[in-house]
Each structure stands twice: as C-alpha cells, then as structure tokens.
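K.L.:
Going down the list, the sequences are from chains H and B. Reading the first sequence from the start, the letters are residues 1 to 208 in the working numbering. Reading the second sequence from the start, the letters are residues 1 to 208 in the working numbering. Each residue gets a CB set at the ideal place from its N, CA and C atoms; glycine is no exception. Fair warning: this is a prediction, and the values are worked out from it, not measured in the lab.
There are 2 protein chains.
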Amino acid sequence: MEQSVPEVVIRRLPLYARALAFLLEADRAVISSFDLGPMLGITPAQIRKDLSYFGEFGKQGTGYDISFLLGEINQILGLDKNWPMVLIGVGKLGQAIATYDGFQNQGFPLVAALESDPSKIGQSIGNLVVQDYKDLSKIVEEKNVKIGVIAVPATAAHQVIKDLVDAGIESVLNYAPIAVNLPPTVKIRHIDPIVALQSMAYHLNKRI
Amino acid sequence: MEQSVPEVVIRRLPLYARALAFLLEADRAVISSFDLGPMLGITPAQIRKDLSYFGEFGKQGTGYDISFLLGEINQILGLDKNWPMVLIGVGKLGQAIATYDGFQNQGFPLVAALESDPSKIGQSIGNLVVQDYKDLSKIVEEKNVKIGVIAVPATAAHQVIKDLVDAGIESVLNYAPIAVNLPPTVKIRHIDPIVALQSMAYHLNKRI
C-alpha cells in the first residue's frame, strides 16, 4: 500500500464503500467509473485516480467488480475490524449518541460512557452504565478503546481532548462546537450541523 | 461582493465567525492572521486570501478589528437573519434534532416537524406538533421555510429530497446515510458520523 495517500482521498473511500454496498444490494456485479461518478458527484477520472493509490482494481472496458472492490476498500479502511469507542458527556446529545445503534452495527461499538457530573454517574443509558470521567485512562486501557466521542459543552471540550490524548486516544469524533488546533498525530472529525447550516445560509442570503 | 467565491472559502467562514466570537468573549479587540491561523489550523496567508474575497478588513501591521470583522462575516453569511427549517422524520434521531435548542439559538428555528407514519402525527415534540408529511408544500409556503432537515431512513431519503425541491426548498441538512447526486442549484450538507469514523479507522488500521 502507498504510504502517502492524500487525506481527501481517504475521506472519499467511505463514500465509495457506501455506493458499492448499495449497488451490491441492488444485485449489480460490475460498475464502470462512468456509472459510479454520477452517484457520488465525482468525475470518473477522479475515481480512477483515487482507487489507483491502492492497486489495480478495474478492467479496461468492463469496470470494477463491485463485491471485490467493496471488500478491498473495507479492508483498506479497517472496516473488517471493531473499533471500540468511549463517549464523554451524557447530556441530551450524549444520550442520543449512546442510544443510536448505527455505531455498533458499523463496527464502532460504544463500550463506555463517562461523566464528571456525580448525579449522572451510575445511570443506565442504552446498554451502558455511566462511569466516572476520572477513570478515563483506566477504562481506555481495560476496554482497548481506540476512539473518543466528545459530547460535552464547548467550554469543556479542549480539556477533554487533552485528557484523551494523555490516555492514548488519537482519534476523536467531536460533537462540541469548537475550532481546535491539535498535534498532527491526532485525527479529529467534527460533527457540526450549525457550521453546515451557516455555510448554506450564505447561498440563501445571496438569493434574497 | 465578488460573485464567484470558492465553496471551500464559504465553508470556512463559519469557522472564522466562531473563532472571532470566542475571542470577543475573551475581551480581545484585535487579532492578526498570524494569531488566528493556529486557532483554526489554517495558514495566515490563506486567511488573508479567504477574507480578501469580501473586502479589505485588515490593517497592515495591526490586524483585524474582531468585532467589525465578525459583524461583516455574519452579514455575508446571512446570520443576521432567521432561516426557518422543516424537519422530516421524527424517529429517534428526528426527536433528538427537534429537542436540540442550538438550532433556534443560532437563527435556524425548526418551525415544523413532518411524518408519514400516522401513529406519530399529532404527537408533541419539543414545542412542535408533528404534522402530516403530505402537507409539506403547504407548510413550506405558509411558514416561509428555507431549509429541509432530513432524518428519515436511507431508503426514503431520495424521495424526500425530490419532494423538498418540488416544494421550493433548495437547502438540505441531511442526516440520512446516503450518497446523492443533486441538481447543482441544490445545496446539501451531510451530517454523517459513520463516514467520519470510517475515514479515521483508516489511520487506526495503519498503526496496527
């Protein structure tokens, strides 16, 4: 495998996997980059270039074997494994996250939910019992946690990220509305509907 | 205002606004692109280039007036106005969205929640009463809705997007796990934690 795949390519791989899974369920066996492009809003040339980082998957004139390519992408992304996650913060948002079964189904099980508010520790959420945030490092080690999910207020988020890094977690799914600067080894993805809406408002505003 | 601001610049403007609001609350009055860059993980040169699309905001040697620049960005983004939204789908995810007060606070009020499941129509969620999805067009017109929020299963999402476009909505905040191809006039933002996690798993997988 190539060493330096551009981050933007890696971020597109899950979209390829989702489109291929959709096609497989629709009983398709083969697809060309020309037919895959419009499904994803990506040019056929870009698709061929993206996939070429990882090997030779397509056949000239026939296209990609959907089942094979999906298997390869899943393996490249590590989706053939489980990646245990810890949830930090069990307010309203944290509770919605904890009871969403999509994470578990997709190989990202929540194995612990932590809080610093004593009134919430010990409560059941989904199939988890809320534990004390103070035990973060211990829980990360015991449960082999690989990803931290942040659902605390913005004011607390920076400290939580620091604590996660100290506990050995370098992958963060962040729901707190913050802009952060992190050490380059830490990967963070922001789930931020307000920022998404604000960039759409720009276009709405231009039409007035 | 320039006509053709790159989409990637527009998507960064909300992050600038958030950082500037943070600085304002911390009683800062002026900031240079050199100090703002590390807050956002963007180079100072990129910040100056991004902002230059909209006018001359900075002073050589002193930097940006935070309050003024924030006001200008809010106006450029249309954040000085309200953008009413309709929620489609009031399952578990839809309920979490409907009871999240961040939308309202940020100028994106949910003014209606729609469902096609008869058993859910008439129920109260947050301060809304769930209405019949059949009345989408009428409700969009009556309530001057500008943005559709999709929280239906993936299988139903494509049809909902079509219906929203037919009802005159061209801005979509999509929580359904789909890859879509839309007419270029339609702006869509995907809130998709699974895709975010999958692109992080790639990096975790490389470390094993």
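1. How many Å lie between R48/H and S33/H at the Cα?
2. Can you find the residues in the same chain that come closer than 8 Å, C-beta to C-beta, to E2/B, ignoring five residues on each side of it along the sequence?
3. Within 10 angstroms of its Cβ, does R28/H collect 16 or more other Cβ (buried), or is it exposed?
4. May I ask which residues mark the beginning and end of the alpha helix (DSSP H) holding D65/H?
5. Tell me which residues share the same chain as V160/H and place their Cβ nearer than 6 Å to its Cβ, disregarding the 5 neighbours each side in the sequence.
6. Between the region 163–170 of chain H and the region 73–83 of chain B, do three or more beta carbon pairs fall short of 8 Å?
7. Given a cut-off of 9 Å, decide if L79/H and G107/H are closer than it, judged by their beta-carbon atoms.
8. Counting only Cβ pairs nearer than 9 Å, list the residues of chain H close to P193/B.
9. Checking contacts by CB at 9 Å: is P183/B closer than that to chain H?
10. Return the CA-CA distance between N105/H and L173/B, expressed in angstroms with no decimal places.
11. Can you give the Cα-Cα distance for I139/B and E7/B, rounded to whole angstroms?
12. Please report the straight-line C-alpha distance between P177/B and A17/H, rounded to a whole angstrom.
13. Check whether the Cβ atoms of I147/B and M85/B lie closer than 9 Å to each other.
14. Please check the pair Q95/H and A112/H, which I expect to be a contact at CB under 8 Å, by giving their CB distance rounded to whole angstroms.
15. By the three-class DSSP mapping on this structure, what secondary structure does N144/B have?
16. Could you check what DSSP says for I121/H in three-state terms: helix, strand or coil?
17. For R189/B, which of helix, strand or coil comes out of DSSP?
18. According to DSSP, is V165/B part of a helix, a strand, or is it coil?
19. Indicate whether at least one CB of chain H lies closer than 9 Å to the CB of N127/B.
20. 9 Å is my cut-off, CB to CB: does S4/B come that close to chain H?
21. Flag S52/B as yes if its beta-carbon sits less than 9 Å from any beta-carbon of chain H, otherwise no.
22. Let me see if you follow: with CB-CB separation under 9 Å, is L204/B close to chain H or not?
23. Go ahead and label D135/B buried or exposed: buried means 16 or more other beta carbons lie within 10 angstroms of its beta carbon, across all protein chains shown.
24. What are the residues that DSSP puts in a beta bridge with V30/H?
25. Along the beta strand (DSSP E) that carries A176/H, what are the first and last residues, could you check?
26. Pick helix, strand or coil for A151/H, following the three-state DSSP scheme.
27. Along chain B, which residues have their Cβ under 7 Å away from the Cβ of R48/H?
28. For K138/H, name the three-state secondary structure that DSSP assigns.
29. Beta-carbon within less than 6 Å of I191/H's beta-carbon, same chain only, minus the 5 sequence neighbours each way: which residues are those?
30. Let's test the definition: count the other Cβ atoms within 10 Å of the Cβ of S171/B and tell me whether it reaches 16, buried, or not, exposed.
31. In or out: R12/H buried (at least 16 other Cβ within 10 Å) or exposed?
32. On a Cα-Cα basis, can you pick out the residue from E115/H, P38/H, F57/H, P193/H that is closest to P184/B?
33. Compute the Euclidean distance between the alpha carbons of F103/H and A196/B, then round it to the nearest angstrom.
34. Any C-beta of chain B sitting closer than 9 Å to the C-beta of Q198/H?
35. Suppose you measure from the CA of L182/B to the CA of E25/B; what does that come to, to the nearest Å?
P.N.:
Once the coordinates are examined:
1. Taking the first residue of the first sequence as 1, we reach residue 48/H at position 48. Taking the first residue of the first sequence as 1, we reach residue 33/H at position 33. Distance from the CA of R48/H to the CA of S33/H, rounded to the nearest whole angstrom, comes to 7 Å.
2. For this step, residue 2/B is matched to residue 2 along the second sequence. Its pLDDT being 45, under 50, E2/B is placed unreliably by the model, and the measurement read from it follows with that caveat. Annotation for E2/B: Y53, F54 place their beta carbon closer than 8 Å to its own, counting only its chain and skipping 5 residues before and after.
3. Along the first sequence, one-based indexing puts residue 28/H at 28. Burial call: exposed.
4. For this step, residue 65/H is matched to residue 65 along the first sequence. Where D65/H is concerned, there is no enclosing alpha helix (DSSP H), although the beta strand (DSSP E) around it starts and stops at 63–65.
5. The sequence position of residue 160/H within the first sequence is 160, counting from 1. Taken in chain order, the residues that qualify are I88, I150, V152.
6. Contact between the region 163–170 of chain H and the region 73–83 of chain B is absent: fewer than 3 CB-CB pairs across the two stretches fall below 8 Å.
7. Taking the first sequence and counting its residues from 1, one reaches residue 107/H at position 107. Taking the first sequence and counting its residues from 1, one reaches residue 79/H at position 79. Result yes, Cβ atoms of G107/H and L79/H sit closer than 9 Å.
8. Looking up residue 193/B in the second sequence gives position 193. Near P193/B (Cβ distances below 9 Å), the residues of chain H are I97, Y100, G102, F103, F108, V149, L173, Y175, R189, I191.
9. Taking the first residue of the second sequence as position 1, residue 183/B is located at position 183. Taking CB atoms only, P183/B has no neighbour in chain H less than 9 Å away.
10. Working through the first sequence from its first residue, we reach residue 105/H at position 105. Working through the second sequence from its first residue, we reach residue 173/B at position 173. Annotation: N105/H to L173/B spans about 23 Å, alpha carbon to alpha carbon.
11. Taking the first residue of the second sequence as position 1, residue 139/B is located at position 139. Taking the first residue of the second sequence as position 1, residue 7/B is located at position 7. Each residue's Cα considered, the two are about 30 Å apart.
12. Counting from one through the second sequence, the residue named residue 177/B turns up at place 177. Counting from one through the first sequence, the residue named residue 17/H turns up at place 17. Rounded to the nearest angstrom, the two C-alpha atoms are 12 Å apart.
13. Start at 1 with the first residue of the second sequence, and residue 147/B comes out as number 147. Start at 1 with the first residue of the second sequence, and residue 85/B comes out as number 85. Against a cut-off of 9 Å, the Cβ pair of M85/B and I147/B comes out as a contact.
14. Residue 95/H sits at position 95 when you count from the first residue of the first sequence. Residue 112/H sits at position 112 when you count from the first residue of the first sequence. That belief does not hold up - the Cβ atoms of Q95/H and A112/H are roughly 15 Å apart, past 8 Å.
15. Position 144 of the second sequence, counting from 1, holds the residue named residue 144/B. Residue state, collapsed to three classes: coil.
16. Counted from its first residue, the first sequence places residue 121/H at position 121. If DSSP states are grouped into helix, strand and coil, I121/H belongs with coil.
17. Counted from its first residue, the second sequence places residue 189/B at position 189. Note: R189/B maps to strand in three-state DSSP.
18. In the second sequence, residue 165/B corresponds to position 165, counting from 1. V165/B falls in the helix class under three-state DSSP.
19. Position 127 of the second sequence, counted from the first residue, corresponds to residue 127/B. N127/B does not count as touching chain H.
20. Within the second sequence, the letter at position 4 stands for residue 4/B. No, S4/B lies away from the interface with chain H (no Cβ there is under 9 Å from its Cβ).
21. Within the second sequence, numbered from 1, the residue matching residue 52/B stands at position 52. So no, S52/B is outside the interface.
22. For this step, residue 204/B is matched to residue 204 along the second sequence. Answer yes: the Cβ-Cβ gap between L204/B and chain H drops below 9 Å somewhere.
23. Residue numbering aside, residue 135/B sits at position 135 when the second sequence is read from its first letter. Classification of D135/B: exposed, given that the 10 Å Cβ count is below 16.
24. Position 30 of the first sequence, counted from the first residue, corresponds to residue 30/H. Answer is D65/H.
25. Here residue 176/H is taken as the residue at index 176 of the first sequence, counted from 1. Unbroken run through A176/H: none, as it is neither H nor E.
26. Numbered from 1 along the first sequence, position 151 holds the residue referred to as residue 151/H. DSSP places A151/H in coil when its eight states are reduced to three.
27. Indexing the first sequence from 1 puts residue 48/H at position 48. Contact annotation for R48/H against chain B: no contact, minimum CB-CB distance about 18 Å [criterion: below 7 Å].
28. The count along the first sequence starts at 1 and reaches residue 138/H at position 138. K138/H: helix per DSSP, three-state reduction.
29. Taking the first sequence and counting its residues from 1, one reaches residue 191/H at position 191. These residues qualify, in order along the chain: Y175.
30. Working through the second sequence from its first residue, we reach residue 171/B at position 171. Looking at its Cβ environment, which holds 16 or more other Cβ atoms inside 10 Å, S171/B is buried.
31. Reading the first sequence from its first residue, position 12 is the one you call residue 12/H. Buried, since its Cβ has 16 or more Cβ neighbours within 10 Å.
32. The residue labelled residue 184/B in the question sits at position 184 within the second sequence. For the residues E115/H, P38/H, F57/H, P193/H, the minimum Cα distance to P184/B belongs to P38/H.
33. Position 103 of the first sequence holds residue 103/H. Position 196 of the second sequence holds residue 196/B. Cα to Cα, the separation comes out at about 11 Å.
34. Here residue 198/H refers to the residue found at position 198 when the first sequence is read from its first residue. Chain B places a beta carbon closer than 9 Å to that of Q198/H, counting this residue as a contact.
35. Counting from one through the second sequence, the residue named residue 182/B turns up at place 182. Counting from one through the second sequence, the residue named residue 25/B turns up at place 25. The C-alpha of L182/B lies about 40 Å from the C-alpha of E25/B.
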